[in-house]
Amino acid sequence: MTHTDNTIWLAKLAAWTHDPAEKALVLLRDPAGHEGGTVRELRATLFPAGVSKPIAEHVKRADHWASAADRPQFPRSDKDGRYASWTQVRFHEQAVLIHPLSGTEYDLGKLDVEAAHIRAVSTAHFNSLIERDADGQPDARRTALSFWRFGPELDADGLRAPRITRGFH
């Protein structure tokens, strides 16, 4: 693999690990913060020397674009702080999935999962998906593909989603 090819895969991994998979479940309630658990550990394993400055800048820009697309941007008062309270989502309190095309809502109810538990399970899951080369070093391409393919298939006690079968036979 050429240096350029490897840089692309490293950038994909840096973007993937920018936010944890469990962000919606730990945001605004985990003392470690959403970047304090899984993100910190995966980054230490995948980027022992840190993410290069050019890649970090690209990931930061992409994150800004993505978050701007996800968040309403309305005028705020001085008391609102960075985000007005009405714009903050607490998914663990009102877990509703909305189909992006039909708008159909799937109410998952209140999620009774502790932030520390989901963080530990997610960290273990993604650590198990890290692919290594013959020297035992993380292989960026294979790991990025492993995260993409198997990352969503977390099947741990206390975290199984209810089966939604309506329309999916």
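In the numbering used here, the protein residues as written are 2 to 170. Yeah, the Cβ is synthetic: ideal placement off N, Cα and C, and Gly gets one too. Since the model is a prediction, treat every value here as computed from it, not as a measurement.
Asked	Found
From which residue to which residue does the beta strand (DSSP E) around Glu106 run?	Glu106 to Gly110
Opposite Thr133 in the DSSP bridges: which residues?	It should be pointed out that residue 133 corresponds to Arg in this sequence rather than to Thr. Beta-bridge pairing links Arg133 to Pro139.
How many angstroms separate the CA atom of Ala45 from the CA atom of Ala67?	24 Å
Go through the stretch 39-104 residue by residue and report every complete run of the beta strand (DSSP E) that reaches 3 residues or more, in order.	96-99
Between the C-alpha atoms of Leu47 and Trp17, what's the straight-line distance to the nearest angstrom?	11 Å
Does DSSP put Thr18 in a helix, in a strand, or in coil?	coil
Take Phe148 and list the residues in its own chain whose beta-carbon comes closer than 7 Å to its own, dropping the five residues that flank it on each side.	Trp17, Phe127 and Leu130
Going by Cα to Cα distance, which pick from Lys24, Arg41, Gly38 and Ile56 is closest to Thr8?	Ile56
Look at Ala116 and Trp10 and say whether their C-beta atoms are less than 8 Å apart.	no
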